[in-house]
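Inspection log for the structure reproduced underneath, given as structure tokens.
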Amino acid sequence: MGDSVYKVIDLVGTSQANWEISADNAVYAASESLKDIRVAEITKLDMTVEDGKITDYRARVKVSFKKD
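Residue numbers for the sequence shown follow the numbering used here, so the first one is 26 and each next one is one higher.
Laid out in structure tokens, this is it:
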């Protein structure tokens, strides 16, 4: 049959540069151990701040991949 099942996990990627790179870091790290990633959705963006300065951009990413 052509039916499929997908699993969804939440990840948080970080970057000192920007949110785009932080999201890319999350997807890249997931692709190192998960195969057949189909969709990545950014669900939240935030930053860590120290002494009034942004130290890290964080992207919470929901990743779905095909379950064997």
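Using N, Cα and C, we set each Cβ at its ideal position, and we do this for glycine too.
DSSP three-state assignment for residue i, whether helix, strand or coil
| i | result |
| --- | --- |
| residue 55 | helix |
| residue 19 | In this structure the chain extends from 26 to 93, so residue 19 is not present and cannot be described. |
| residue 81 | strand |
| residue 49 | helix |
Beta-carbon proximity of residue i to residue j, cut-off 8 angstroms
| i | j | result |
| --- | --- | --- |
| residue 90 | residue 61 | yes |
Inter-residue Cα distance where the pair is residue i and residue j
| i | j | result |
| --- | --- | --- |
| residue 65 | residue 32 | 12 angstroms |
| residue 55 | residue 39 | 13 angstroms |
| residue 93 | residue 78 | 44 angstroms |
| residue 50 | residue 81 | 13 angstroms |
| residue 58 | residue 76 | 36 angstroms |
Cβ distance (whole Å) where residue i is taken to contact residue j below 8 angstroms
| i | j | result |
| --- | --- | --- |
| residue 36 | residue 88 | 6 angstroms |
| residue 48 | residue 86 | 6 angstroms |
Residue i beta carbon near the ligand HEM (any heavy atom closer than 7 angstroms)
| i | result |
| --- | --- |
| residue 33 | Of ligands this structure carries none, so the ligand HEM is not represented either. |
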